[in-house]
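Beneath this line is the structure, given in structure tokens, with notes to follow.
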Amino acid sequence: MKAINSCIIKVNQIGTISETLDAINLANKHRITTIISHRGGETMDTTIADLAVGTSTYCKFGGPRRVERMAKYNRLFEIEKELS
Numbered sequence: 586m587k588a589i590n591s592c593i594i595k596v597n598q599i600g601t602i603s604e605t606l607d608a609i610n611l612a613n614k615h616r617i618t619t620i621i622s623h624r625g626g627e628t629m630d631t632t633i634a635d636l637a638v639g640t641s642t643y644c645k646f647g648g649p650r651r652v653e654r655m656a657k658y659n660r661l662f663e664i665e666k667e668l669s
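613 is the number that our numbering gives to position 28 of the sequence shown; each next residue is one higher, with no gaps.
If you want it as structure tokens, here you go:
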């Protein structure tokens, strides 16, 4: 019996990108869905979008009403163009 089926990954709370990848790999090993999310204190850094695409995880950036969130969504659109 599983206690969970998904988890939210907050990169800045985990610490490093390597530790983030380890957490995602561990979750995947146990068939736990991962969702990459930002913190409340947002920045214009869009690396989180690249990380979500690169690890095939879901992403949660919130509603597109703040410029910091729009930057992340715009980066997802750029990645989509690059991959198609």
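A virtual CB, placed ideally from N, CA and C, is assigned to each residue, including glycine.
Only a predicted model underlies this, so the values are computations on that prediction, with no experimental measurement involved.
Considering only their Cβ atoms, is the gap separating residue j from residue i smaller than 8 Å?
i: E653; j: T632; result: no
i: K595; j: R624; result: yes
Measuring alpha carbon to alpha carbon, tell me which of the options ends up nearest residue i.
i: V638; options: S603, L661 and T605; result: L661
i: I593; options: I617, E665, D630 and K666; result: I617
Quick check: what's the CA-CA separation for residue i versus residue j?
i: N610; j: T642; result: 11 Å
i: A612; j: T619; result: 7 Å
i: D635; j: D607; result: 16 Å
i: K614; j: R650; result: 35 Å
i: E665; j: N659; result: 10 Å
i: I621; j: S591; result: 11 Å
i: T605; j: K645; result: 16 Å
i: L630; j: Q598; result: Checking the displayed sequence, the identity of residue 630 turns out to be Asp instead of Leu. Taking the straight line joining both Cα atoms gives about 16 Å.
i: G600; j: L668; result: 29 Å
Please state whether DSSP places residue i in a helix, a strand or coil.
i: I620; result: strand
i: I594; result: strand
i: K672; result: The shown model of the chain, from 586 to 669, leaves out residue 672, and the question about it has no answer.
i: K614; result: helix
i: A588; result: coil
i: M629; result: coil
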